[in-house]
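Just below is one structure, and these are the notes that go with it.
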Amino acid sequence: MSSLLEVQGVSVTFDGFRAINNLSFQIGMPEMRAVIGPNGAGKTTFMDIVTGKTRPDTGSVRWGDLGHSLLSMSEAQIAQAGIGRKFQRPTVFEDQSVHDNLRVALKKPRGPIAAILDRTTDTDRARIAEIAEEIGMAGHLGTRAGILSHGQKQWLEIGMLLAQDPKLLLVDEPAAGMTTEEREHTTALLKRLAETHAVVVVEHDMEFVRRLDCRVTVLHEGAVLAEGSLEHVMADDRVVDVYLGR
Amino acid sequence: MSIFTQNRSVRIFIGILVLFTLGVTVMSEAYGTGAISVSFTKVLGMTLCLCLAALAMDLVWGYCGILSLGHFAFFGLGGYGIGMWLMTARTEAVVRANLAGGVIPPTEAEVSQATALQIFSVVGAEDWPWMWAASDSLFLSLVLIVAVPGLLALVFGWLAFRSRVTGVYLSILTQAMTLALSLYLFQNDTGLRGNNGLSGLQNIPGADAIGQDRISIWFFWASAVALGLAYVAAAWLISSKFGNIIRGIRDDEQRVRFLGYRVESYKLFVFTLTGILCGVAGALYYPQAGIINPDEIAPIASIYLAVWVAIGGRGRLYGAVIGAAVVSLLSTYFTGGRAPDIALGAFRIEWVDWWPVLLGLGFVLVTLFAPKGLGGLVDYIVRKDRA
Amino acid sequence: MHLLRRIAISLAISVFLMPSARAQEASLQDILQTHIEEIADPSRRTVGETLDALVATGHPDLPEFLTRWQSREAWQRDADGLFVYVEDEDADPLVLLDISTGETVGEAGSREVTQLRPNGGVRRVIGGALVQFQLGAEDPAARLDALEAIGDDPDESHLPLIEARLEVEEDAAIHARLDVLLPTLLIAFAEDDADRVAAIQTLDGNVSLDARSTLNRVLTTSRFVDAELPADINIAAILTPGTGALPRDEAYAMLVSAELAPARISREDQRAVLAANIVEGRVGGVPVATLNTEAARDRAYAALVAEGLTEPIPTEQDVNAALNAHVFFDAYSEPSAIVTEAARATLDNIETRVGAYRFFDLSLDGISLASIYFLAAIGLAITFGVMGVINMAHGEFIMIGAYTGYVVQTLIADYTLSIAVALPLAFLVTFALGVLMERSVIRWLYHRPLETLLATFGISIALQQIVRQIFGTQARPFTPPDWLAGSVTINDVISISSIRIAIFLLGVIFFIALWLILNRTRLGLEVRAVTQNPAMAASMGINPDRINMLTFGLGSGIAGIAGVAIGLFAQVVPDMGSNYIVQSFMTVVVGGVGNVFGTLVGASMIGGLQKSIEWFNPTNTLAAQTYMILFVILFIQFRPRGIIALRGRAAGD
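These protein sequences, in sequence, are chains A, B and C.
No gaps in the numbering here: position 94 of the first sequence is 599 in the numbering used here, and each next residue is one more.
No gaps in the numbering here: position 193 of the second sequence is 204 in the numbering used here, and each next residue is one more.
No gaps in the numbering here: position 151 of the third sequence is 297 in the numbering used here, and each next residue is one more.
As structure tokens, then:
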């Protein structure tokens, strides 16, 4: 299993506050990884660094077999390279229909001219229908995204992530606001994706993490505290301390 | 074009525009009953140009979320571009006529020199400034009308979007650009006749025999055609995936970026395209207005443009057009001294004076109570109609 | 020379020491009668002593008599030797007037009286005595006038007077003038070059305009052309035609006007010659209709030359040859090279010093402009910088502040008092307006900054128009009190108006006060809490509504005070606010949003920059503004968050 993303010794400071402290992280393909940790452990900042939103002060972030540095790339380039992100708060284009949201996300040339000349082909239509089916919105393609429920927006954003067809999926709290049934569906979907993709799931909900049944990385104060199976990390005293606040 | 079959508002808009144009033509002095005077034909033609500029403003602000306070500067640049040609050609014709009376026929150099003297003596200069180099060629001038606003928008936009200046900061920066441009034009020694501006632009070279009555209606047609074409093109653009993307940028720039789109390129594309549209609108407007000076480019003009779009309802193409048409025509009506004053005993409300107050408070009310503007009203009526 | 000096010094001393009361004892006529011979028929040698004696009396009517005597307007009655003036020289008979009272003393035919006609030498001595009177006048202004008169028309005889005056003069301004006038006269009249050089050197370091113009006068040059360089002339520079100092056309024009070369013919002249030689529709065989190119005209002209009908035009080779055959040079009108060299060296020294002073003066200008920008922007630093509200009506608050000052001044006559009242009143008025605006409009738009921009723009044009309705479009007078109207002048280079100093001080006070309010008071703490996290602040018991209202009021009120200050030097017109709004926003953005210190830095940078650009092109402030704005636009590219930028999550990115 070759390494898809390799983060080495990354640190970042905001106004004297060390959000990420000499963090190293590695994920291969295909693989499912859950990242857990208390509030302020640096989970979101970690994603920000990988997706290019935040530039680290030190350290390296390498991508793919060739080990390209992501640090010199813009957010758009990183996304085009195959890193997709789902935000903690669902962010979809509320003013546009579900169909259009998916269409914008669909993996196609990203330039302005290409966008102007873009025509929805049969393949596109089929793919959008397939994703809509997957996220349970086949009947809602014409609905304006703004009037969807919180859970539906979560689904739509996952759908957009699928439409991008990335190699690495960074998924921030996918199960928040979902019913039990939906959670099971999400778990199944993520597990299936992890067969062909690298998937990083940030989650608070231990039950959800347990069901993912994958390697777990515990972050604390911007650094990796422990890594291994859920049973393994939960047996670690330091992890217990952090979670129980002792 | 499929845009007609798919988009009802485009069909309606083009229909209304065609009817309006026919109506004005039938009532014009040159080709009809004469119910509409030459000067009012010009006002209507100019209004169409303002609608075109507002359309551009709506694309850049209403659809892409960039509140540019500089688009009227592009409009002015277009006006200056055509103005240079009009003024040169017209003055040259006059100068030739004068020199022809001499004993010896004039040389080209003498004509050019005398023309320059005629144009620039008002600012104490007698040589052609470099920026007039293309003014003797209509073709080159037309190229410049597109190229100069386009290039300025491209360079400015590239700088601003590259460093991710957004929101109100970008508005302030565009306003600064506009101010710098108008201050530059205000200087006597920068070659565009300082605060005198360019004048006599209503005189079309080689068309002396054709009266203003016909010229005014021709320009009216040209403005209507330009507006119609731009409307269809804009509707087509925003109905494409490009439209989805720029609306995405307006609502959540960061999300679009994480989908792999270079937001800067899209913004730059829209900014430049609309800058060019404004330049073309200006080039059609000023021959009808007859005069252009740096005051036209002052920052306040660009704010007015934004206000029209806000009142009309941004994010709707017809909203921008309605806003520009309603506000500018009402302004013409009230400040033109045509509106009857209201006598309140000893006090007398004179519209010329109180119109700006009313207008200003109108903006406030629309912003507070009708964020969707007049276009929102149209939507409401149409929906009701369907239901 | 020695004689003159002796007279002058004694005159000076006598005039100065003489108590004027003594003069009343005898009438001037009596005094004059004791010197009747010398006055009636003065000689250059003896008149000095006579004047000496006359001046010694210190009689108040004497200057008038001396003036008339000098200008040949005094007469003597032959019968009794009485000195008189006449009413009208051309009348017959002449009406004679008393020299003291001006009353008519009688009439006389032109043969019965003799006009006093002192010769040139005598008149000059009299003039010296007269100047002495003026130089000794009680009124400093009169003394300064006398010095100006001497400066305008210097004479050798003034030299001792100036020297004498220099020793006793106590008025600093007059003394400074004398310090320059003495070397000026020495340079002009001293016989020995060493003396003149010494005089020049006494001016070293004197940056006054007088000193510089004195030296420049020594260095006056004229431009000559000649076949070869003359030997006996003080050359300033030899010029090469075709260089910046002497363009080729100008050089050839010199040759032409010196009749050293034939004139070149301009296209216009050529055309006139051609027009004058039209024969049967042709000029030199070329049809007139084809004369619309320069080539055709040249051909026709050449034909005319060949026929001998006109002069040939010198060719380029001719012109070059003529230019090469002559030497062009600038020569000093001052013949002595030692003197011009000394003057050049001294002037260079002075100019270096002037340059340094100018730089200092420019810095003062920059600081004062920065203070104005700071004052104009400081209110925005709060409403926009701290609260994030784009208030396009900010400029109108400044305008309303200025109008408040004007209104107060119409009610309170005392300018100082009226400003003391206007400052707090302007604050109250604009504070109230600001609160009203915040409550009625802005608070609904906190999450829609771009729409705030439009709404406040609407308010801005409405306010402008309302003020225009009330006060009219023309500028309203808002006058600073006398103590603010003047300026502090350090020398001829450095001067700064008092009002600018006051604005600078006001800026400093504002800065300190605001910094204290925002960083050291409960209100400041609450303001920062509300702007950073309204929900959290609310849960801590802070009322965000109240804080927003007060903060916006504070920012608006400060704009009002700034308006009073700005109104004192700028025109108070309804649209004055729009002159400040864009610059103010740029100041806040460049400095960095969210802190008062950033605004200070932004204002300093923009003000300093604009003045620096003006330094290169002082006549064009519009260009300076243009380039300053362009610089700001570029600057924002590199520091989008301003100079003093907040980093990280607090900056809200």
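Even for Gly, the Cβ is constructed at its ideal location relative to N, Cα and C.
For clarity, every value in this text was computed on a predicted model and none was experimentally measured.
Here the alpha carbons of Y519(C) and I381(C) stand approximately 51 Å from one another. A direct Cα-to-Cα measurement between A705(C) and I544(C) gives close to 5 Å. Taking 8 Å as the cut-off, the Cβ atoms of G271(B) and A584(A) count as close.
Where S313(B) is concerned, the enclosing alpha helix (DSSP H) starts and stops at 310 to 323. Around the beta carbon of E686(A), fewer than 16 other beta carbons sit within 10 angstroms, so the residue counts as exposed. The three-state secondary structure of W366(B), taken from DSSP, is helix.
The alpha-carbon of M682(C) is positioned some 16 Å away from that of M533(C). Cβ neighbours of L724(A) within its own chain (closer than 8 Å, five residues either side excluded): L528, V540, I541, G542, A546, G547, K548, F551, L730. In the three-state reduction of the DSSP assignment, L576(A) falls in the coil class. At least one C-beta of chain C is nearer than 8 Å to the C-beta of I314(B). In the structure shown, M537(A) adopts extended strand secondary structure according to DSSP, grouped into three states. Here V721(A) is actually not in contact with L698(A); their C-beta atoms are around 18 Å apart, not less than 8 Å.
Residue contact check for M732(C) against chain B: a CB pair falls below 8 Å. Of T36(B), A100(B), L70(B), the smallest CA-CA separation from V49(B) is found for T36(B).
Residues of chain A whose Cβ lies closer than 8 Å to the Cβ of F280(B) are, in chain order, P617. The region 126 to 145 of chain B and the region 448 to 457 of chain C do not touch, with fewer than 3 CB-CB distances between them shorter than 8 Å. With a beta-carbon spacing of about 6 Å, P300(C) and A334(C) fall inside the 8 Å limit used to define contacts. Between the alpha carbons of T213(C) and V271(C) lies a distance of about 12 Å. With contacts defined as CB atoms closer than 8 Å, P329(C) and A345(C) qualify as a contacting pair. With fewer than 16 other CB atoms across the displayed protein chains lying within 10 angstroms of its CB, N470(C) is exposed.
Contact check for Y344(B) against C60(B) fails: the beta carbons are separated by 8 Å or more.
Residue contact check for L149(B) against chain A: no CB pair falls below 8 Å.
Annotation: the continuous alpha helix (DSSP H) that includes Y297(B) extends over 274 to 300. Three or more beta-carbon pairs drawn from the region 634 to 648 of chain A and the region 593 to 611 of chain A are found closer than 8 Å, and the two stretches are therefore classed as touching.
Nearest C-alpha to L70(B) among S250(B), V389(B), W365(B): S250(B). Its chain contains A67, L70, V71 as the residues whose beta carbon lies nearer than 6 Å to that of T285(B), once the 5 sequence neighbours on both sides are disregarded; these appear in chain order. Counting only Cβ-Cβ distances below 7 Å, Q186(B) has contacts in chain C at V728, in chain order. Under the Cβ criterion of 8 Å, F172(B) is not counted among the residues facing chain A.
Under the 8 Å criterion on CB atoms, Y272(B) is classed as interfacial with respect to chain A. With a threshold of 8 Å between beta carbons, R417(C) makes contact with chain B.
Interface with chain B (8 Å Cβ-Cβ cutoff): A703(A) is excluded. DSSP, read as helix, strand or coil, puts E542(C) in helix. For D718(A), no CB of chain B lies under 8 Å from its own CB, so it is not counted at the interface with that chain.
Excluding its 5 nearest sequence neighbours in each direction, I633(A) has C-beta neighbours in its own chain below 6 Å: L607, listed in chain order. Among the residues facing chain A, Y297(B) is not included, as its CB has no counterpart in that chain under 8 Å away. Leaving aside the five residues that flank F777(C) on each side, the residues in its chain whose CB is nearer than 7 Å to its CB run, in chain order, L755.
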